[in-house]
Structures are given as C-alpha cells and as structure tokens.
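Comments concern the structure below.
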Ligand code: 2HA
Ligand code: ZN
C-alpha cells in the first residue's frame, strides 16, 4: 500500500478527475483542500513515517487561523493542473500541517518537484476555520472552480446574494432543497490575498457557496461528493439561466408559493432574507 492509496487521498483524486472532465479547470484554474481527520493523520504517520518530511521549515500563511492549530490538510499545489492530480499526486498535492498558533504551515508530504500550496490557501484555510466552527467539525472539503455559466452570470446580474440565490433557486426545483441558505456573492476582488479570504469566509458563516464575480465559485461540504455535487448543481442552474436569458427570458416561473410549499414538503428552512 502507498500513501496515495489512502481513502482520503483517493477521494481527493476522484474529485480532481471528475472536475477535470468539466470545463471548470482551464490550465491551473481552481483548487481543492481537505481537512484531514485526526485518525487518518495518525494512521498516515504510523504507516508512512519514512515518507513524511518533518523538516521544521515553517512558512507564513498570510492570515491567522488559530481554530486550525495543528490541523493537517491535503491541498492542491500552486500552479498545478487539476487534470494532472491523478497521474502524479505526489507532484501536484501536498499534505501540510498548521502550527500551534495558526500562523504558519509546513509541508509534510508531496510537491516532489517543488512548489507551495495553492495561491488561494488563505481563503481555503479561513473557510475551513469558519466551517469547523459553524458545522461542529462536519465540513472538511473546500473546493474552488471556474465554472463557465456561473461566471457568465456575474456579468449580467446585479452582484448581490438575493438576486443570485433567487435566480438559481428558480432554475431547478431541487436547488432550494440543496442550498436552502442561498448563495453569497462578492464583487471583483484581487485573488490570492487576505482581503478576499476575509470577505469569503465572512459569507461562509451563512452560505456553503460563494461566487467571486468574474472569477469563479467556492463551495464547502462535509464530503468530496457534497462539495463537488454542490458546484455541479450551481453550475447546472446557471447554465439553464444563461439559456433561458438567451431565449428571451422567462415566460413561466416557479412561484414564491411553490418555493414555500417545497420547503414544507422537504422540511428545509429557506433563508428568509431571500423570500418575499
Ligand atoms: O489558479 O483558481 O484563483 C488557481 C486559481 C486562483
Ligand atoms: Zn480561481
């Protein structure tokens, strides 16, 4: 057995493979991170000790995440292509550990030909910190992609949570059941830094989806399937929205009453800020 045969590594590779088949990961676009369970990390350390580099070389994260002190993550590398993750995970991925203050990280495994974690690592970690708290540790996957139609919508819709939520809820009947809290939207911001990390993680307190205008989408989930499925649902709804608008706009619609009936039938609470 190799380190890359571990279930959490295989599940990570599975998402990267599924994602590569979509049109969401041009070149090195997009990135993925997983907060490794204590027992998974204990087993990894026990079984693969010789493969782990305990170099003690710490690098500043650029944001402060004390909630994630000593946690370990599996994460894509900066500049690496999603489509190459499966063929050489040891070159394109890293297992990193956060220090006890939540200020620095060190690479324990991977990035064999050099590199560092994704340029969006600050946003990933701040989202993980929020989700660890708000989901009682349930959410472990943060996924960023550049899905075509969702990005296209950010050029024509007003950039606010309510407009995007209402537009996407109304495109597939199951959308309000899959993301009853709605989605968050940020205006264009500089990627890769502290400011966009803070703004995104602030919206992640309420939402599991945050759209970055003219750039892409961040999703959070308990599992790889959940995070990927959410991205897929958002993008499919956006694709329908683009088609409907291209055909001259809605002539029929899911009504507010339909939405409220759905919520009752499926026992979900729709975010009241998005309702009339
Ligand atoms: O290249 O998607 O946002 C990775 C990115 C940066
Ligand atoms: Zn991006």
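Numbering (my numbering), first residue to last: 1073 to 1348. C-beta: ideal position from N, C-alpha, C; glycine also.
**OP:** Please list, in chain order, all residues of the same chain as residue 1197 whose beta carbon is under 7 Å from its beta carbon, the five residues on each side excluded.
**Re:** Residue 1197 sits at position 125 when you count from the first residue of the chain shown. Closer than 7 Å at the Cβ level, and outside the excluded window around residue 1197, lie 1133, 1135, 1137 and 1140.
Subject >> Run of the beta strand (DSSP E) containing residue 1290, from where it starts to where it stops >> reply: Residue numbering aside, residue 1290 sits at position 218 when the chain shown is read from its first letter. Looking at the DSSP string, the run of the beta strand (DSSP E) that includes residue 1290 is 1288-1293.
Original post:
Of the residues 1144, 1150, 1109 and 1107, which one's Cα is nearest the Cα of residue 1124?
Top reply: In the chain shown, counting from the first residue as 1, residue 1124 sits at position 52. That would be 1144, whose Cα lies nearest to the Cα of residue 1124.
Original post:
If residue 1244 sits next to residue 1302, beta carbons under 8 Å apart, how far is it from one beta carbon to the other, in whole angstroms?
Top reply: On the chain shown, position 172 is the one that residue 1244 refers to. On the chain shown, position 230 is the one that residue 1302 refers to. The C-beta distance from residue 1244 to residue 1302 rounds to 13 Å, too long to meet the 8 Å contact threshold.
**OP:** Measure the Cβ-Cβ separation of residue 1189 and residue 1149 and say whether it is below 8 Å.
**Re:** The residue given as residue 1189 occupies position 117 in the chain shown. The residue given as residue 1149 occupies position 77 in the chain shown. Yes, they are a contact pair.
Original post:
Taking buried to mean at least 16 other C-beta atoms within 10 Å of its own C-beta, is residue 1199 buried or exposed?
Top reply: The residue you call residue 1199 lines up with position 127 of the chain shown. With 16 or more Cβ atoms within 10 Å of its Cβ, residue 1199 is classed as buried.
Original post:
Cβ of residue 1255 within 8 Å of Cβ of residue 1105?
Top reply: Residue numbering aside, residue 1255 sits at position 183 when the chain shown is read from its first letter. Residue numbering aside, residue 1105 sits at position 33 when the chain shown is read from its first letter. No, Cβ-Cβ distance for residue 1255 and residue 1105 is not below 8 Å.
Original post:
Per DSSP, what kind of secondary structure is residue 1202 in: helix, strand or coil?
Top reply: Here residue 1202 is taken as the residue at index 130 of the chain shown, counted from 1. It is helical.
Subject >> Simplified DSSP assignment, three categories, for residue 1076 >> reply: Within the chain shown, numbered from 1, the residue matching residue 1076 stands at position 4. The three-state secondary structure of residue 1076, taken from DSSP, is helix.
Subject >> the stretch 1162-1177 in contact with the stretch 1296-1313 per 3-pair CB rule at 8 Å >> reply: These segments do not touch.
Original post:
When you compare only the Cα positions, how much space is there between residue 1223 and residue 1309?
Top reply: Taking the chain shown and counting its residues from 1, one reaches residue 1223 at position 151. Taking the chain shown and counting its residues from 1, one reaches residue 1309 at position 237. Approximately 12 Å between the Cα atoms of the pair.
Original post:
Taking the DSSP output, what are the residues bridged to residue 1211?
Top reply: Position 139 of the chain shown, counted from the start, is the residue given in the question as residue 1211. The partner list for residue 1211 (beta bridge, DSSP) is empty, contrary to what the question assumes.
Original post:
With burial defined as no fewer than 16 other Cβ atoms inside 10 Å of the residue's Cβ, what is the status of residue 1328: buried or exposed?
Top reply: What you label residue 1328 is simply residue 256 of the chain shown in a count that begins at 1. Around the C-beta of residue 1328, fewer than 16 other C-beta atoms lie within 10 Å, and the residue is accordingly described as exposed.
**OP:** Given a cut-off of 8 Å, decide if residue 1326 and residue 1240 are closer than it, judged by their beta-carbon atoms.
**Re:** Along the chain shown, one-based indexing puts residue 1240 at 168. Along the chain shown, one-based indexing puts residue 1326 at 254. Not a contact, by the Cβ cut-off of 8 Å.
Subject >> Of the listed residues 1228, 1275, 1100 and 1237, nearest to residue 1201 (C-alpha basis) >> reply: What you label residue 1201 is simply residue 129 of the chain shown in a count that begins at 1. Distance check between residue 1201 and each of 1228, 1275, 1100 and 1237 places 1275 closest, using alpha-carbon atoms only.
**OP:** Compute the distance between the beta-carbons of residue 1128 and residue 1178, then report whether it is under 8 Å.
**Re:** As a first step, residue 1128 is located in the chain shown; it is residue number 56 there, counting from the start. As a first step, residue 1178 is located in the chain shown; it is residue number 106 there, counting from the start. Taking 8 Å as the Cβ cut-off, residue 1128 and residue 1178 qualify as a contacting pair.
**OP:** Return yes when at least one heavy atom of ligand 2 lies under 7 Å from the C-beta of residue 1263, else no.
**Re:** By one-based count along the chain shown, residue 1263 stands at place 191. Ligand 2 has a heavy atom closer than 7 Å to the beta-carbon of residue 1263.
**OP:** From the DSSP output, in three-state form, read off residue 1226 for me.
**Re:** Taking the chain shown and counting its residues from 1, one reaches residue 1226 at position 154. If DSSP states are grouped into helix, strand and coil, residue 1226 belongs with coil.
Original post:
Contact check, residue 1344 vs residue 1265 under 8 Å by CB: the rounded distance?
Top reply: Numbered from its first residue, the chain shown carries residue 1344 at position 272. Numbered from its first residue, the chain shown carries residue 1265 at position 193. In this structure, residue 1344 and residue 1265 do not form a Cβ contact; the two beta carbons are roughly 33 Å apart against a cut-off of 8 Å.
Original post:
Can you give the Cα-Cα distance for residue 1231 and residue 1341, rounded to whole angstroms?
Top reply: Looking up residue 1231 in the chain shown gives position 159. Looking up residue 1341 in the chain shown gives position 269. It is roughly 24 Å from the alpha-carbon of residue 1231 to the alpha-carbon of residue 1341.
Original post:
Mind checking whether the beta-carbon of residue 1191 lies closer than 7 Å to any heavy atom of ligand 1?
Top reply: Reading the chain shown from its first residue, position 119 is the one you call residue 1191. Answer for residue 1191: yes, Cβ within range of ligand 1.
Subject >> Opposing strand residues paired with residue 1189 [DSSP bridges] >> reply: Within the chain shown, numbered from 1, the residue matching residue 1189 stands at position 117. The partner list for residue 1189 (beta bridge, DSSP) reads 1149.
Original post:
Does the beta carbon of residue 1156 fall short of 7 Å from some heavy atom of ligand 4?
Top reply: This structure simply doesn't include ligand 4; it includes ligand 1 and ligand 2 instead.
Original post:
Which one of 1176, 1184 and 1294 has the shortest CA to CA distance from residue 1164?
Top reply: The sequence position of residue 1164 within the chain shown is 92, counting from 1. Nearest to residue 1164 by alpha-carbon distance, out of 1176, 1184 and 1294, is 1184.
**OP:** List the DSSP bridge partners of residue 1178.
**Re:** Residue mapping note: residue 1178 aligns to position 106 of the chain shown, counting from 1. Note: residue 1178 sits in a beta bridge opposite 1169.
Subject >> Distance between residue 1292 and residue 1260 (C-alpha atoms, nearest Å) >> reply: For the purposes of this step, residue 1260 is taken as the residue at position 188 of the chain shown. For the purposes of this step, residue 1292 is taken as the residue at position 220 of the chain shown. Whole-angstrom Cα-Cα distance: 20 Å.
Subject >> 4-residue-minimum alpha helix (DSSP H) runs that sit fully inside the stretch 1241-1310, ordered along the chain >> reply: Within the stretch 1241-1310, the complete alpha helix (DSSP H) runs of at least 4 residues are 1247-1250 and 1266-1276.
Original post:
Would you say the beta carbon of residue 1196 comes nearer than 7 Å to a heavy atom of ligand 1?
Top reply: As a working note, residue 1196 is residue 124 in the chain shown. Exclusion of residue 1196 from the 7 Å shell around ligand 1 follows from its C-beta lying no nearer than that to any non-hydrogen atom of the ligand.
Subject >> Simplified DSSP assignment, three categories, for residue 1216 >> reply: Walking along the chain shown from the start, residue 1216 turns up at place 144. Residue 1216 carries a strand assignment under DSSP once its states are collapsed to helix, strand and coil.
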